[in-house]
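>
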Amino acid sequence: MVYAIVRAGGRQEKVSVGDVLTIDRVPVASGETLQLQPLLLVDGETVTHDASALAGVKVVAEVVEEAKGPKITILKYKNKTGYRKRQGHRAKLTRVKITSIGA
């Protein structure tokens, strides 16, 4: 079994061919491909983690869709002063499907 640890959106993710991954928004249109940076490659018994050896390895992903994360509500409150503040946030995400891992 071949899998890789890649850097995607400031985090490290374990991926293999066919996996669908949710990462931070990337400026790539739906249906196009993008390359992810591999940090580790495992091919059966062989483990590759050397930066010079990983320079030739490509992890190719196809953008499936753009999505939004869950709504996060931020409330600030200070007792006895009447101070209340409400703020919301919703992360912008991209779903990608790993199409190939190899040299």
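Heads up, the sequence shown is in the working numbering, so the first residue is 25 and it goes up one at a time.
Just so it is clear, CB atoms sit at the ideal spot from N, CA and C, and this is done for glycine as well.
Can you find the residues in the same chain that come closer than 8 Å, C-beta to C-beta, to residue 41, ignoring five residues on each side of it along the sequence?
The residues are 26, 122, 123, 124 and 125.
> Rounded to whole angstroms, what is the Cα-Cα separation between residue 110 and residue 44?
In a straight line, the C-alpha of residue 110 is about 34 Å away from that of residue 44.
> Going by C-alpha to C-alpha distance, which of 38, 49, 56 and 72 sits closest to residue 127?
Closest by alpha carbon: 72.
> For the segment 85-103 against the segment 54-69, are there 3 or more C-beta pairs whose distance is under 8 Å?
Yes: the two stretches touch, three or more of their Cβ pairs being nearer than 8 Å.
> Residues in the same chain with beta-carbon distance under 6 Å from residue 48, minus the five sequence neighbours each way, listed in chain order, please.
Closer than 6 Å at Cβ, skipping near neighbours: 33.
> Assuming residue 96 and residue 112 form a contact by the criterion Cβ under 8 Å, report the distance between their Cβ atoms to the nearest whole angstrom.
The Cβ separation is near 7 Å, so the contact holds.
> At 4 residues or longer, and completely inside the segment 67-113: list those alpha helix (DSSP H) runs for me, N to C.
The qualifying runs are 75-78.
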